[in-house]
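The sequence shown begins at 1 in full-length UniProt numbering and counts up by one.
Even glycine gets a Cβ: it sits at the ideal position worked out from N, Cα and C.
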Amino acid sequence: MAQARTAGTAAGPAGHGSAGKGFRSARLGWPELHRIPHPPRRVPVLGDVLGASVRSPVQDSMRVGRQLGPVFRRKAFNKEIVFVWGADLAAELADESRFAKHVGLGVANLRPLAGDGLFTAYNHEPNWQLAHDILAPGFSRAAMEGYHPLMLDVARQLTAFWDERSHAGEAVDVPGDMTKLTLETIARTGFGHDFGSFERSRPHPFVTAMVGALSYAQRRNTAPPLLGPLMQRGAAKRDKADRAYLDSTVDQVVEARRGSDGTGARGDLLDRMLETAHPDTGERLSPRNIRRQVVTFLVAGHETTSGALSFALHYLSRNPAVLRRAQAEVEQVWGGTEEPAYEQVARLRYVRRVLDESLRLWPTAPAFSREALRATTLGGLHPMHKGAWALVLIMLLHRDPAAWGEDAETFDPDRFEPKAVRARPPHVFKPFGTGARACIGRQFALHEATLVLGLLLRRYDFRADPDYRLEVSERLTLMPRGLRLHLTRRTHSPQARTPAAARG
Ligand code: HEM
């Protein structure tokens, strides 16, 4: 707890930073903006939107960034943004004495849904520190150990589901099923709620509403300022309906817990939100803020992990040598253990490297923003006023040849061998963000994903459709589009069981 408070105050969230709401264009914050390159065919009023892809803004910015270099700018109508991806510059932006999280773009667009919940809170909002201090122990080692059996339960549901598919000779819908898995996992471990995802043939309406809300938040970044509201009236209406659905789901989850007689108290995230007072001040989260936190954790707690697992499975299916090595590790480390114990998961070092390498190439939360705590100069060349901000393009940072070598585009889990990691500069691998506002659920995600990959590797061989070409869809987060895999049960595996036995 003390550690969490120190992190907060040292880095600024409690005291400094993003005071302003609304979009702050680069022109206001960067007095020497002309030094930063922009795409060559910029036109008045529109800016750089000609030829830009509205549906995949991150991959589009990647393309532009490769042409323009480690810091560049793009303008859509009246909104101009500075992008940074060079390893040196990104390391500067990670310096918490000079920069803090900036709540802008897609994150700011999620405020109508998530308000001052942990992810979308402005640094100065008191509820950030309060919620951080109350919820951080929910991610301690002891808490994680408590979630482990529930994670196994959900993974068992997935394997039962996949056993049936493989038995029927049908391919599995990887992103769809990983979303079922991760939504059930966060819902059950954090909130004692069962969405029944595996009993449904279609995605749960919570997922449909969430994807709608995320996509809408992304589209608002590039909407024309005057025409936008008119053109998007229908979309805005749908967004309102999506948010209303998400809120009502959250209210049901909270009411169910409030209505329970308190026996069977679980000490999960929801209990912490409802019952725990701040250890120093005695303050509690308000009912309104709890609603924001529940929706934040239900969304942030599954969407990105689902993508991470999906990309990892894609790469495993495409790299037979990696697949065999990962399977051999699971067999060696877990042996004949029917179900791995908590501490056996982190021992899957190679599987974890596969995950890290997948998150390197496709960090499923592909960008974060940083703002100057006071006037400063980036890279010795670009003065920034206090409050000026830049978007860190994680995907390009993770592919910067200066940090990762000339083969940075190649999938190679050995990049995460301890020796190789030590040889790289710090701050070049940032899939979970940086500083005091970095991901609170990092350990949760890594434990869940490593456990599930281990179980799947032990049970199946994966076969990709040879015609499949990786396409990545964007809805603030990244997800492989249309990824299907054929599975074969590994009959020689000590864990091969019948679907019925697996369910039991
Ligand atoms: C592979 C999975 C995940 C990835 C790649 C990821 C990525 C990130 C990133 C990049 C940030 C910082 C965003 C920013 O600076 O604006 C963040 C913050 C956050 N994440 Fe995650 N995340 C993952 C899983 C999770 C899980 C499982 C949970 C909850 C159980 C979670 C909850 C949060 C919350 C609440 C924040 C806001 C923290 C704060 O500002 O205090 N995330 N995540």
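- When 426, 312, 389 and 278 are compared, the shortest CA-CA separation from residue 133 is found for 278.
- Closest in C-alpha terms to residue 102, from the list 370, 377 and 462, comes 370.
- Distance from residue 462 to residue 313 at the Cβ level is roughly 6 Å; contact confirmed, criterion being Cβ atoms closer than 8 Å.
- Taking a cut-off of 8 Å on C-beta distances, the stretch 29-45 touches the stretch 55-72, as three or more cross pairs fall below it.
- When DSSP reads this structure, residue 81 sits in a beta bridge with 74.
- In this structure, the CA atom of residue 176 is about 14 Å from the CA atom of residue 165.
- Within the DSSP secondary-structure output, residue 43 pairs in a beta bridge with 47.
- Pairing residue 156 with residue 186, the inter-Cα distance amounts to about 15 Å.
- Counted as a single uninterrupted DSSP element, the beta strand (DSSP E) harbouring residue 382 occupies residues 382-384.
- With a cutoff of 6 Å, residue 101 counts as near ligand 1, since its C-beta is closer than that to a heavy atom of the ligand.
- Remark: the shortest separation between the CB of residue 360 and any heavy atom of ligand 1 does not fall under 6 Å.
- Around the C-beta of residue 218, 16 or more other C-beta atoms lie within 10 Å, and the residue is accordingly described as buried.
- The closest CA to that of residue 209, considering only 181, 348 and 243, is found on 243.
- Taking a contact as a CB-CB distance under 8 Å, the pair residue 451 and residue 345 counts as one, their CB atoms being some 5 Å apart.
- Under DSSP, the beta-bridge partners assigned to residue 372 are 99.
- Between residue 427 and residue 94, the C-beta spacing is below 7 Å.
- Exposure of residue 467 is indicated by the presence of fewer than 16 other C-beta atoms within 10 angstroms of its C-beta.
- In this structure, the C-beta of residue 82 stays at least 6 Å away from each heavy atom of ligand 1.
- With a threshold of 16 other beta carbon atoms within 10 Å, residue 167 falls short and is exposed.
- The alpha-carbon separation between residue 479 and residue 301 amounts to approximately 15 Å.
- Runs of the beta strand (DSSP E) lying entirely within the stretch 228-309, each at least 3 residues long, are absent.
- Taking the CA atoms as reference points, residue 307 sits about 9 Å from residue 359.
- Annotated three-state conformation of residue 486 is strand, per DSSP.
- For residue 41, same chain residues with a beta-carbon under 7 Å away, outside a window of 5 residues either side, are 50 in chain order.
- Annotation: the stretch 100-148 contains the following complete segments of the alpha helix (DSSP H) (minimum length 4 residues), in chain order: 105-109, 111-114 and 126-135.
- Using a Cβ distance threshold of 7 Å, residue 304 and residue 365 count as a contacting pair.
- Counting along the chain, residue 461 sits inside the beta strand (DSSP E) bounded by residues 460-464.
- Per DSSP, the beta bridge partners of residue 474 are 478.
- Ranking 62, 30 and 53 by CA distance to the CA of residue 399 puts 62 first.
- Put simply, the backbone Cα of residue 424 is about 12 Å away from that of residue 88.
- Pairwise C-beta distances place the stretch 374-383 out of contact with the stretch 395-415, as fewer than three of them are shorter than 8 Å.
- Less than 7 Å divides the Cβ of residue 79 from the Cβ of residue 23.
- The Cβ atoms of residue 58 and residue 409 do not sit closer than 7 Å to each other.
- At a Cβ-Cβ threshold of 7 Å, residue 253 and residue 193 count as neighbours.
- When DSSP assignments are scanned along the stretch 166-206, no uninterrupted stretch of beta strand (DSSP E) that is 3 or more residues long falls wholly within it.
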